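Line by line, the protein sequences give chains Z and C. Read in order, the letters of the first sequence correspond to residues 34 to 242 in the working numbering. Read in order, the letters of the second sequence correspond to residues 34 to 242 in the working numbering. Glycine included, each C-beta is placed from N, C-alpha and C at the ideal position. Nothing here was measured: the structure is a model prediction, and the numbers come from that model. The block underneath contains the structure these notes are about, expressed in structure tokens.
Protein chains: 2
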Amino acid sequence: MKLVDKSCREFTNVLSSKAAVPGGGGAAALVGGLGAALGGMVCNLTIGKKKYAQYEEEVKEILRKTEELQEDLLKMIDEDAENFLPLSKAYGLPKNTEEERAEKERVLQEALKIACEVPIKIVRTSYEAIKLHEALVDKASKLAISDVGVGVQCLRSALISGQLNVIINISMIKDDDYVKRVKEETDTLVAEGTKIADEVYKKVEAILS
Amino acid sequence: MKLVDKSCREFTNVLSSKAAVPGGGGAAALVGGLGAALGGMVCNLTIGKKKYAQYEEEVKEILRKTEELQEDLLKMIDEDAENFLPLSKAYGLPKNTEEERAEKERVLQEALKIACEVPIKIVRTSYEAIKLHEALVDKASKLAISDVGVGVQCLRSALISGQLNVIINISMIKDDDYVKRVKEETDTLVAEGTKIADEVYKKVEAILS
């Protein structure tokens with residue numbers, strides 16, 4: 034059974050256990066998916082309302098994109114779990130001889146890069162979804178404006194959580210070029226993304242008060 | 034079927050729809066539940082490890098509490114949906130005569146307070162769970178330290194999201210004493226809770242680098 038098909042209660046219970054998956058990466062992907070879904074909900078509550086007719090086409094386009102990102106993030110829950118398998122296997126390899134140690138290190142280095150893939154995608158996708166909330170906040174039905182705030186807070190959390198899962202993996206990767214490239218990309222997206230998320234949240238707060 | 038028993042995929046899909054529930058409150062409760070669960074996971078990965086034997090009893094106690102808060106937050110998903118019903122009913126009442134308008138206003142004011150109940154509890158419970166992460170960060174297995182960071186980010190998001198759902202309801206409540214009391218409590222918990230969450234996150238970052 035896929036993790037994404039588990040009930041919310043079951044997923045949360047397995048998360049809290051010692052089980053190797055889901056871990057922080059899977060939780061981050063789910064929280065990001067919820068954030069994208071909240072953006073979609075706000076679009077759905079805005080579309081068809083006379084008062085917001087002038088934004089109708091733009092909001093429909095934002096909805097199309099939030100649906101795509103939501104689906105991407107939900108898929109990452111299980112993808113992250115699958116990508117953890119090679120790493121888990123690598124840790125189990127023997128290291129009694131010089132050859133075994135060298136082989137283990139080679140396999141481990143490869144597995145670490147695989148384990149990094151989904152967290153990097155979580156950072157990218159959460160950033161994209163935050164940008165969509167930025168585009169949405171001025172065009173959204175005022176009746177649903179608090180949900181733009183909740184959506185952007187979920188995505189801010191997914192963005193930073195994705196980065197934490199990148200960091201824990203690259204801290205053991207010895208390919209300096211790879212580490213530098215990944216670190217630069219994710220650091221930039223997190224710095225920009227949290228800034229935008231905080232601005233969107235402030236707008237929501239201002240509209241609510 | 035309870036919302037908490039829906040699959041992660043189904044819950045996220047219904048969230049993105051126009052359906053009245055789940056909304057931002059239910060999403061916040063789930064994200065809070067995931068945050069508490071991550072704290073529990075870190076406890077479970079720390080307990081029994083020789084290296085952290087000195088903290089064993091404290092970590093077991095933290096686990097007991099995260100499990101309780103996780104369960105509380107998961108229950109709030111459906112409780113929030115139930116508490117939305119009176120409000121939804123109140124909006125539907127007629128307002129043709131002076132009497133009808135007065136009655137509608139009376140029922141609405143009551144329903145708004147009911148709708149506030151779970152969001153207030155989400156703020157309180159997320160705050161409690163953030164405090165548990167604060168107690169855990171220095172006693173947690175270093176192998177799971179990134180998950181303390183993910184947990185605290187989820188709870189930070191749930192805390193602020195709970196507050197947003199308080200604000201949108203109290204903005205229409207005319208009982209000034211109630212509004213003042215609720216606002217003071219939640220504002221204080223959010224200000225303190227985000228501060229603590231950010232400190233815990235910085236500690237995690239420092240340990241990771």
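Strand pairing of residue i, partner residues [DSSP]
i: Ser40/Z; result: Ser40/C
Residue i, buried or exposed, once every other Cβ within 10 Å from all chains shown has been counted against 16
i: Ala224/Z; result: exposed
i: Ser190/C; result: buried
i: Gly72/C; result: buried
i: Gly81/C; result: exposed
i: Tyr124/C; result: exposed
i: Arg42/Z; result: buried
i: Met205/Z; result: exposed
i: Ala53/Z; result: exposed
i: Leu176/C; result: exposed
i: Lys235/Z; result: exposed
i: Asp209/Z; result: exposed
i: Ala70/C; result: buried
i: Lys93/Z; result: exposed
i: Ser242/Z; result: exposed
i: Ala135/Z; result: exposed
i: Lys39/C; result: buried
i: Asp171/Z; result: exposed
Whole-number beta carbon distance between residue j and residue i, since they are thought to touch under 8 Å
i: Leu165/C; j: Thr99/C; result: 6 Å
i: Ser194/Z; j: Gly57/Z; result: 6 Å
i: Val183/Z; j: Ala162/C; result: Incorrect: roughly 17 Å between the Cβ atoms, too far for contact.
i: Ser49/Z; j: Met74/C; result: 5 Å
i: Leu120/Z; j: Ala86/Z; result: About 51 Å separates the two Cβ atoms, so there is no contact after all.
i: Ala239/Z; j: Val185/Z; result: Contact flag wrong, Cβ pair sits at about 14 Å.
i: Thr79/Z; j: Ser174/Z; result: 4 Å
i: Val156/C; j: Gln103/C; result: At roughly 16 Å, the Cβ-Cβ gap does not stay under 8 Å, so Val156/C and Gln103/C are not in contact.
i: Val215/Z; j: Ile203/Z; result: 6 Å
i: Lys137/C; j: Asn77/Z; result: Contact flag wrong, Cβ pair sits at about 27 Å.
i: Val233/C; j: Glu143/C; result: Not a contact, Cβ separation roughly 39 Å.
i: Tyr95/C; j: Leu141/C; result: Position check: residue 95/C holds Ile in this sequence, whereas Tyr was assumed. With a Cβ gap of about 42 Å, Ile95/C and Leu141/C do not count as contacting.
Within 7 Å of chain C by C-beta, residues of the stretch 174 to 205 of chain Z in sequence order: Flagged, chain order: Ser179, Asp180, Gly182, Val183, Gln186, Cys187, Arg189, Ser190, Ile193, Ser194, Leu197, Asn198, Ile200, Ile201, Ser204.
Contacting positions in the stretch 34 to 45 of chain Z - beta carbon closer than 8 Å to chain C: Under the 8 Å Cβ criterion, the stretch 34 to 45 of chain Z contributes Leu36, Val37, Asp38, Lys39, Ser40, Cys41, Arg42, Phe44, Thr45.
Positions along the stretch 46 to 66 of chain Z whose CB lies within less than 8 Å of some CB in chain C: Per Cβ criterion, the list reads Asn46, Leu48, Ser49, Ser50, Lys51, Gly56, Gly57, Ala60, Ala61, Leu63, Val64, Gly66.
Cβ contact (3+ pairs, closer than 8 Å) linking the stretch 124 to 135 of chain C and the stretch 61 to 71 of chain C: No: the two stretches stay apart, fewer than three of their Cβ pairs being nearer than 8 Å.
Interface residues of the stretch 119 to 151 of chain Z facing chain C [CB-CB below 8 Å]: Residues of the stretch 119 to 151 of chain Z that bring their beta carbon within less than 8 Å of a beta carbon in chain C are absent altogether.
Meets three-Cβ-pair contact criterion under 8 Å: the stretch 149 to 159 of chain C and the stretch 208 to 221 of chain C: As far as the Cβ criterion goes, the stretch 149 to 159 of chain C touches the stretch 208 to 221 of chain C, which means the pair count is three or higher.
Positions along the stretch 210 to 227 of chain C whose CB lies within less than 8 Å of some CB in chain Z: Those residues of the stretch 210 to 227 of chain C that come within reach of chain Z (Cβ to Cβ, closer than 8 Å) do not exist; the list is empty.
Residues in the stretch 65 to 87 of chain Z having any Cβ partner in chain C nearer than 7 Å: From the stretch 65 to 87 of chain Z, only Gly66, Leu67, Ala70, Leu71, Gly73, Met74, Asn77, Leu78 have a Cβ closer than 7 Å to chain C.
The stretch 107 to 119 of chain Z: positions lying closer than 8 Å to chain C by Cβ: Per Cβ criterion, the list reads Leu107, Ile110.
The stretch 166 to 186 of chain C touching the stretch 104 to 121 of chain C, judged by at least three CB pairs closer than 8 Å: With fewer than three CB-CB distances shorter than 8 Å, the stretch 166 to 186 of chain C does not count as touching the stretch 104 to 121 of chain C.
Contact residues within the stretch 227 to 241 of chain Z, judged by C-beta distance below 9 Å to chain C: Per Cβ criterion, the list reads Tyr234, Val237, Glu238, Leu241.
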